[in-house]
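Each step along the sequence shown adds one to the number in this note's numbering, with nothing skipped, and position 154 is 170.
From the three backbone atoms N, C-alpha and C, an ideal C-beta is built for every residue, glycine too.
Here's the structure we're looking at; comments come further down.
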Amino acid sequence: MTSASQWDHLGPAMKAVYQRFDELTDQGLDPGSDVDWRVYGTYAQMKLWLGPAGGHDYDERVLRVVRSVAGRDIDFTYREAHHLMERAGYWVRQGHTRYEELFRIPLAAARRFGYQQRRDLLRWLTSGRELKDARALLAEQVRELLTEPAENGPAGAVRTEIGDTDHFARMLAEEYGPRLVEVLPLFRHWNTARSTRPSDRWLRNAARMLTPGAAALVRELLTRLVAYRGGEWVVRYDGKEWRDQVFLKEDTIVVVRGILWTCQVIDERWVTSLVTEVAMTCGTGSNGMGSTCRCEPVTNAAVGVLARRGGLDVIVPLSRIQAKVRARSVQRNLSLALDAVAAENGLTREQLLDRTVPTFGLDAEGVREEKIGGYRVRLCAGVPALRYVNAGGKTVKSLPKELRGELSDLRAVLKELKLAQAAVRSRLEQAIVQERTWHWREVTEYFLDHAVTGPYARALVWQLAGGPAALPVKTADGWELAGHRPAPDAVAGLWHPIHASADEVAAWRDHLLERGVRQPFKQVFRELYLLTPAEERTGTFSNRFAGHVLHYGQARTLLGQRGWTGRSIGNWDHDNGGDQGEVVRDLAGWQARWAMHIVPAHGATMLCATESITFHRDGQPASMADLPPLVLSELLREADLAVGVASVARDDQAVIGHERYWHSHGFGELTETAKTRREVLARLLPKLKIASRVELTDRFLLVRGDLKTYKIHLGSTNVLMEPNDAYLCIVPASGRGAAGSVFLPFEDDGGTLSVILSKAFLLANDTAITDPTITRQLG
17 MTSASQWDHL
27 GPAMKAVYQR
37 FDELTDQGLD
47 PGSDVDWRVY
57 GTYAQMKLWL
67 GPAGGHDYDE
77 RVLRVVRSVA
87 GRDIDFTYRE
97 AHHLMERAGY
107 WVRQGHTRYE
117 ELFRIPLAAA
127 RRFGYQQRRD
137 LLRWLTSGRE
147 LKDARALLAE
157 QVRELLTEPA
167 ENGPAGAVRT
177 EIGDTDHFAR
187 MLAEEYGPRL
197 VEVLPLFRHW
207 NTARSTRPSD
217 RWLRNAARML
227 TPGAAALVRE
237 LLTRLVAYRG
247 GEWVVRYDGK
257 EWRDQVFLKE
267 DTIVVVRGIL
277 WTCQVIDERW
287 VTSLVTEVAM
297 TCGTGSNGMG
307 STCRCEPVTN
317 AAVGVLARRG
327 GLDVIVPLSR
337 IQAKVRARSV
347 QRNLSLALDA
357 VAAENGLTRE
367 QLLDRTVPTF
377 GLDAEGVREE
387 KIGGYRVRLC
397 AGVPALRYVN
407 AGGKTVKSLP
417 KELRGELSDL
427 RAVLKELKLA
437 QAAVRSRLEQ
447 AIVQERTWHW
457 REVTEYFLDH
467 AVTGPYARAL
477 VWQLAGGPAA
487 LPVKTADGWE
497 LAGHRPAPDA
507 VAGLWHPIHA
517 SADEVAAWRD
527 HLLERGVRQP
537 FKQVFRELYL
547 LTPAEERTGT
557 FSNRFAGHVL
567 HYGQARTLLG
577 QRGWTGRSIG
587 NWDHDNGGDQ
597 GEVVRDLAGW
607 QARWAMHIVP
617 AHGATMLCAT
627 ESITFHRDGQ
637 PASMADLPPL
647 VLSELLREAD
657 LAVGVASVAR
667 DDQAVIGHER
677 YWHSHGFGEL
687 TETAKTRREV
697 LARLLPKLKI
707 ASRVELTDRF
717 LLVRGDLKTY
727 KIHLGSTNVL
737 MEPNDAYLCI
747 VPASGRGAAG
757 SVFLPFEDDG
767 GTLSVILSKA
777 FLLANDTAIT
787 DPTITRQLG
């Protein structure tokens, strides 16, 4: 019954044991009470192997052994039960067709474990096309194994459907169990969303099962998902413990995808903005494994819902997601969606985005007003918020409780407005980088006169092809530039300081400060990065931003928002180069590759050290001297921004093991970004209330308090105290204090300029400081 070579793969001791079991089986004898039944059970399962050709027929003596083992309460470990189930599934794929016998022992072993462990074990049986017939035959047994008893309540019913593998699934069971049981057919329908997009039949069934209460539940669950960030998940098997940073596991992803698909049959205003927020949450951040996309399947599902809703209203949300989410599969789906809509309208994608920014009902001043009860509610685009005016004309903080329910539509509009404004800012800045041009009639229609884009576009410097640069000026006859009205077909673009002289740039900076013009991003005050002699010598690479230690996740997120892509790096794959990687940026046919590697963090978040930035064209190394000045400047500027925001030199305390770097860069030479910050401060300081107490040096802002004199570094914002340069740790407060009233000519990257001013105002009046964490350091 057993070939002599069947157990040859075993070690000598186990081979002897199995051969003894064979002898007992051949004689039809029971192995006896002193046998190790776990070993005997594994032996019995192995006897079901009929060879690589598979088969159906077994010797009755083998079947008696299998049934005897299955009828005993054997204390299999989880690992052993997993192996038994795995073997059975593998043999089905090899053509074994006696399914009830193949899974008899594995199913009996599974009964020893909790319901979640049973679910994990039965994945070998509940997935894969090859096991379809086995699933059909054993469906009743599997259902009985996985169904929690009625006494476990609604939470048990939910766990029966989706398991308990992450914090979101647990929240669904424990907090939403009763409500999900009320819509159990729809909940089970969500649990069938296993493809990349819903079929028409799936959507019809969802619409048939949808009730007003279920629609409200969809909204609430997706709102919870927007606020959800995952967390550490602990798994315990066989006395061992595994810890993992989990966002969503596969079973939960399926249900969430189904919830999102259901939004396609819900005709409510909140759908577009909430699905967009889901895409932003799941498409950014960390999934605990080095990726800056928490969950690509859910992000793609959200993008698909928006794309299939169609219409011009989804263009802004899609472009907003495109500007923030860097995962390649998501970017591909976004591009396909936007290109499809653009092609339908005979436009390029950028032209489509220009033409489809909604006005949200705002008037020419950027205000929308509606009456609710005896109140006027104003939606203001300048500072996106709702303002409330009572019947007496007085501005109040909020509406009475009984009227607040009527604000839902306006609040949804406010969310969409904020998304649109962020997308507009991003596209306008990219237009500078990419040197886009328009006809002047397009500039006036889609930018200057538009309720949403207008406030940004009117604060930017425009330039006609071959003509002077100027801020647009509104006249009775239309918009003028540099004192005259351009022809409708005149070609115009956004001015870039790389093409101007130093005197012209300085004049523009003075002009903006004098007129109080605040730009949506750095245009006039944009840092320039010109080729250095050292880079002329290195040729194809730059070491200008090598040797920095960055918070890896923060750097990846910031660079990703600006179009840098690249594979993740991490300590878990050191032997295969997993601690090495690079981020890549393509711009105008040129490519920059910035190498990085993981460095020890000693309990801190993952850190990486930067290396050289190499430049390429058509896949080949390119000389930096051949890059257009604007392309070179913008690529290096983005690297500088990442260093300026993510460097550990900006931390309040030095990271263990990186103290030397923290001291040298936290108080060292200024980068171009910090030099621009210094130039702005030089213009602002004379106008401040504390002007008599502050002074600029090459790297620091000196602040003379009554107790001490302080030195605020213009790059890291770290503070030293004279006379011995003792370090003063100040954690920036969330409020801006007195510094909040200071006019800044641009939205500073990372808010560093605001932090410096806040610290300056605080320290100039150091005798009024009451925070004990600071006063203790002041002595």
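In this structure, the straight-line span from the alpha carbon of residue 443 to that of residue 473 is close to 11 Å. Within the same chain, and ignoring the five residues on either side of residue 47 in sequence, the residues whose Cβ sits closer than 6 Å to its Cβ are 40 and 56.
For residue 432, the enclosing alpha helix (DSSP H) stretches over residues 424–450. Within 10 angstroms of the beta-carbon of residue 543 lie 16 or more other beta-carbons, which makes it buried.
If only complete runs of 4 or more residues are kept, the stretch 629–688 shows the alpha helix (DSSP H) at 645–662 and 675–682, in order along the chain. The way I'd put it, the stretch 342–352 doesn't touch the stretch 383–390; fewer than three beta-carbon pairs between them come closer than 8 Å.
Within a 10 Å sphere around the beta-carbon of residue 672 sit fewer than 16 other beta-carbons, which makes this residue exposed. Contact between the stretch 491–500 and the stretch 403–415 is absent: fewer than three C-beta pairs spanning the two stretches fall below 8 Å. Sequence-distant Cβ neighbours of residue 68 in its own chain, meaning closer than 7 Å and more than five residues away, are 110. Taking a contact as a CB-CB distance under 8 Å, the pair residue 514 and residue 649 counts as one, their CB atoms being some 5 Å apart. Taking a cut-off of 8 Å on C-beta distances, the stretch 414–421 does not touch the stretch 262–276, as fewer than three cross pairs fall below it. One alpha carbon belongs to residue 322, the other to residue 188, and they sit about 25 Å apart.
Setting aside the 5 residues that flank it on each side, residue 231 is surrounded in the same chain by 282, each with a C-beta closer than 6 Å to its C-beta; the list follows chain order.
Counting C-beta atoms within 10 angstroms of its own C-beta, residue 43 has fewer than 16 neighbours from the protein chains shown and is therefore classed as exposed. Taking the Cβ atoms as the reference, residue 656 lies roughly 5 Å from residue 687, within the contact range of under 8 Å.
Residues of the same chain with a CB within less than 6 Å of the CB of residue 37, apart from the 5 flanking positions on each side, are 59 in chain order. Note that the stretch 597–609 does not touch the stretch 532–552; fewer than 3 beta-carbon pairs, one per stretch, sit closer than 8 Å. The stretch 98–105 makes no contact with the stretch 221–240; the number of CB pairs closer than 8 Å stays below 3. Note: residue 729 is bridge-paired with 716 in the DSSP secondary-structure output. Only exposed fits residue 618, as fewer than 16 other CB atoms lie within 10 angstroms of its CB.
Per DSSP, residue 43 lies in no beta strand (DSSP E) segment and is marked neither H nor E. The Cβ neighbour count for residue 734, taken over all protein chains shown within 10 Å, is at least 16; the residue is labelled buried.
Separation of the CB atoms of residue 785 and residue 717 is rounded to 18 Å, and the pair is thereby denied contact status at 8 Å. DSSP places residue 385 within a strand segment (E or B) once states are collapsed to three. A residue is called buried once 16 or more other Cβ atoms fall within 10 Å of its Cβ, and residue 361, having fewer, is exposed.
In the structure shown, residue 372 adopts coil according to DSSP, grouped into three states. With fewer than 16 neighbouring CB atoms inside 10 Å of its own CB, residue 258 falls in the exposed class.
138 is the residue among 165, 138 and 169 whose C-alpha sits nearest the C-alpha of residue 154. In terms of Cβ geometry, residue 699 and residue 531 do not form a close pair [threshold 9 Å]. Sequence-distant partners of residue 202 (beyond 5 residues in either direction) whose C-beta falls short of 6 Å from its own C-beta, in its chain, are 225 and 230. In summary, residue 370 is buried, with 16 or more beta-carbon neighbours lying within 10 Å of its beta-carbon over all protein chains present. With respect to the 9 Å criterion, residue 320 and residue 452 are not classified as neighbours on the basis of their beta carbons. For residue 689, the number of other beta carbons within 10 angstroms of its own is at least 16, and it is reported as buried.
Beta-bridge partners of residue 379 (DSSP): none assigned. The C-beta distance from residue 327 to residue 467 rounds to 19 Å, too long to meet the 8 Å contact threshold. Of the candidates 631, 662 and 638, the residue whose Cα lies closest to the Cα of residue 625 is 662.
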